[in-house]
Amino acid sequence: DAMVIQNPRYQVTQFGKPVTLSCSQTLNHNVMYWYQQKSSQAPKLLFHYYDKDFNNEADTPDNFQSRRPNTSFCFLDIRSPGLGDAAMYLCATSRASGTGGNGPTQYFGPGTRLTVL
Amino acid sequence: AQKVTQAQTEISVVEKEDVTLDCVYETRDTTYYLFWYKQPPSGELVFLIRRNSFDEQNEISGRYSWNFQKSTSSFNFTITASQVVDSAVYFCALSEGYNQGGKLIFGQGTELSVKP
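Written out as structure tokens, the structure is:
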């Protein structure tokens, strides 16, 4: 089945220790997104890639970076995690609008729950 | 500015009751998309439905139905004969931006608890 995969499902890191979360997809979608979701809140978009074009949200801290080496993979790097960065990180993919199929529908992976000690 | 409001923070029902989750949106765009997602305790956001702004036809899928009304900017979701497995947080979302990927504007979510 085509899907969005996130590894690891649970990640524990220490305060200030860099961490990388990964996302892969078999849907061949050209857009990939990273959302942060804190407890009892809605997901918040950090950034997205349209093919290789990176689009950062204005309020995303510099501490968060992303890489997309190819169509299938996208990484979220947190350079110096703070206690406030503990959250669920959700990866999603979609086609760009106007390219048929389900258009802008975003399909989410299972998420990575990050704990910062 | 785009905004999605889910006024019901928590709803609790007994199994087999019908329940409606409300969603009201604001947008200046004439073309937009509306979505409902389900988030069970495992955390994954599961896509349920997408509606285009130019298609006001209501939809039914099994026990789920959706009522889209542009006149009131609402996109409500009804679960008929609720079951314990329906317990989850449900998010209504609006998509802005086109052709290069669209940002989802989420409501705050409604936590539905279905008791046996």
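So the sequences go chain by chain: V and C. Counting from 1, position 55 in the first sequence corresponds to residue 55 in this note's numbering; the numbering is continuous, with no gaps. Each position in the second sequence, counted from 1, maps to that position plus 1000 in this note's numbering. Quick reminder that beta carbons are idealized off the backbone N, C-alpha and C, glycines included. As the structure is a computational prediction, the values presented were derived from the model and not from experiment.
8 Å contact criterion, which residue i and residue j should meet: CB distance rounded
{"i": "residue 1008 of chain C", "j": "residue 1021 of chain C", "result": "6 Å"}
{"i": "residue 112 of chain V", "j": "residue 41 of chain V", "result": "No, residue 112 of chain V and residue 41 of chain V are not in contact; Cβ-Cβ is about 16 Å, not under 8 Å."}
{"i": "residue 81 of chain V", "j": "residue 13 of chain V", "result": "5 Å"}
{"i": "residue 1015 of chain C", "j": "residue 1065 of chain C", "result": "With 8 Å as the limit, residue 1015 of chain C and residue 1065 of chain C do not qualify as a contact, their Cβ atoms being about 18 Å apart."}
{"i": "residue 1026 of chain C", "j": "residue 1071 of chain C", "result": "The Cβ separation is near 14 Å, so there is no contact."}
{"i": "residue 27 of chain V", "j": "residue 1103 of chain C", "result": "19 Å between Cβ atoms; not a contact."}
Opposing strand residues paired with residue i [DSSP bridges]
{"i": "residue 1110 of chain C", "result": "C/1090"}
{"i": "residue 1115 of chain C", "result": "C/1014"}
{"i": "residue 979 of chain C", "result": "Any property of residue 979 of chain C remains undetermined from this structure, which presents chain C solely from 1001 to 1116."}
{"i": "residue 56 of chain V", "result": "V/47"}
{"i": "residue 1061 of chain C", "result": "C/1064"}
{"i": "residue 1185 of chain C", "result": "There is simply no residue 1185 of chain C to check, as chain C begins at 1001 and stops at 1116 in what is shown."}
{"i": "residue 1053 of chain C", "result": "DSSP lists no partner for residue 1053 of chain C."}
{"i": "residue 1004 of chain C", "result": "C/1025"}
{"i": "residue 1019 of chain C", "result": "C/1079"}
Closest by C-alpha distance to residue i, when choosing among the options
{"i": "residue 1018 of chain C", "options": "C/1050, C/1108, C/1063", "result": "C/1063"}
{"i": "residue 1042 of chain C", "options": "V/89, V/71, V/116", "result": "V/89"}
{"i": "residue 109 of chain V", "options": "C/1047, C/1084, C/1089", "result": "C/1047"}
{"i": "residue 77 of chain V", "options": "V/17, V/10, V/94", "result": "V/17"}
{"i": "residue 1096 of chain C", "options": "V/104, V/93, V/61", "result": "V/104"}
{"i": "residue 3 of chain V", "options": "V/117, V/106, V/19", "result": "V/106"}
{"i": "residue 1045 of chain C", "options": "C/1012, C/1088, C/1023", "result": "C/1088"}
{"i": "residue 1106 of chain C", "options": "C/1112, C/1005, C/1093, C/1113", "result": "C/1093"}
{"i": "residue 1090 of chain C", "options": "C/1037, C/1012, C/1004, C/1116", "result": "C/1037"}
{"i": "residue 72 of chain V", "options": "V/39, V/15, V/22", "result": "V/22"}
{"i": "residue 83 of chain V", "options": "V/115, V/29, V/49", "result": "V/115"}
{"i": "residue 95 of chain V", "options": "V/20, V/49, V/45, V/39", "result": "V/49"}
{"i": "residue 53 of chain V", "options": "V/39, V/70, V/59, V/64", "result": "V/70"}
{"i": "residue 1084 of chain C", "options": "C/1116, C/1004, C/1078", "result": "C/1116"}
Practice item. Report the residue ranges of all beta strand (DSSP E) runs contained in full by the stretch 65–116 of chain V; include only those spanning at least 3 residues, in chain order. Key: 73–78, 87–94, 112–116
**Study point:** Segments of 3+ residues assigned as beta strand (DSSP E) that fall wholly inside the stretch 4–38 of chain V
**Key:** 4–7, 10–13, 19–25, 31–37
Exercise for review: Decide if the stretch 76–94 of chain V is in contact with the stretch 15–34 of chain V; the criterion is three or more beta carbon pairs, one per stretch, under 8 Å apart.
Suggested key: yes
Check your understanding: Per the contact definition of three or more C-beta pairs closer than 8 Å, is the stretch 1050–1060 of chain C in contact with the stretch 1026–1034 of chain C?
Key -> yes
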